[in-house]
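Have a look at the structure below, then the notes.
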Amino acid sequence: WLDVNGWSLQFLHLVSDHETQSPAGAFHRNAGHVLQALVHGKHPNLAYQEYSPLYPHQQYTLGFAGRPGGPEFYISTIDNTHNHGPGSQGSATEADSCFARVLNSRGGGVKL
């Protein structure tokens, strides 16, 4: 995606934070429809939900978990447009922030 929202920048800061000596987190939950990462350390939650219908929760997109969300994030392993888009997760209107797409993977690993 060519445009960058605020949550994309927060995610980049999160995964490039070299202030700690220990890993910042790890993937800890495979729910069948998402692979979720647990984030360690003091990282802020999102201030509000930011969702655009131009970036639906398609397979291999990244979203922030929770309401309002973050810092934990997940990779959609299937098309989650209905599971994490508007009107999902017990809300009539809110949706998880979708902010990136996995470009490819090598050797079982994921490259973002």
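According to this note's numbering, the sequence shown is numbered sequentially starting from 72.
Where a beta carbon is used, it is the ideal one built from N, C-alpha and C, also for glycine.
Short CB-CB distance (under 8 angstroms) between residue i and chain D
i, result
"residue 141", "Absent from the structure is chain D; it holds one protein chain and no more."
Given residue i as reference, the closest of the options once Cα atoms are compared
i, options, result
"residue 173", "105, 138, 109", "105"
"residue 109", "124, 135, 167", "135"
"residue 145", "168, 124, 175, 118", "168"
"residue 150", "131, 171, 119", "131"
"residue 187", "163, 148, 118", "No answer is possible for residue 187: the residues shown for the chain start at 72 and end at 183."
"residue 160", "171, 170, 120", "120"
"residue 111", "128, 162, 126, 97", "97"
"residue 128", "137, 152, 102", "152"
Nearest-angstrom Cβ-Cβ length linking residue i and residue j, presumed shorter than 8 angstroms
i, j, result
"residue 142", "residue 114", "4 angstroms"
"residue 116", "residue 139", "6 angstroms"
"residue 171", "residue 122", "Contact flag wrong, Cβ pair sits at about 14 angstroms."
CB of residue i within 8 angstroms of CB of residue j, strictly
i, j, result
"residue 158", "residue 164", "yes"
Near the ligand ADP: residue i beta-carbon under 7 angstroms from a heavy atom
i, result
"residue 166", "Absence of the ligand ADP from the depicted structure is noted, as is the absence of any ligand whatsoever, leaving it without description."
**OP:** Starting from the N-terminal side, write out each stretch of the beta strand (DSSP E) that is 3 residues or longer and does not extend beyond the segment 135-170.
**Re:** 144-147
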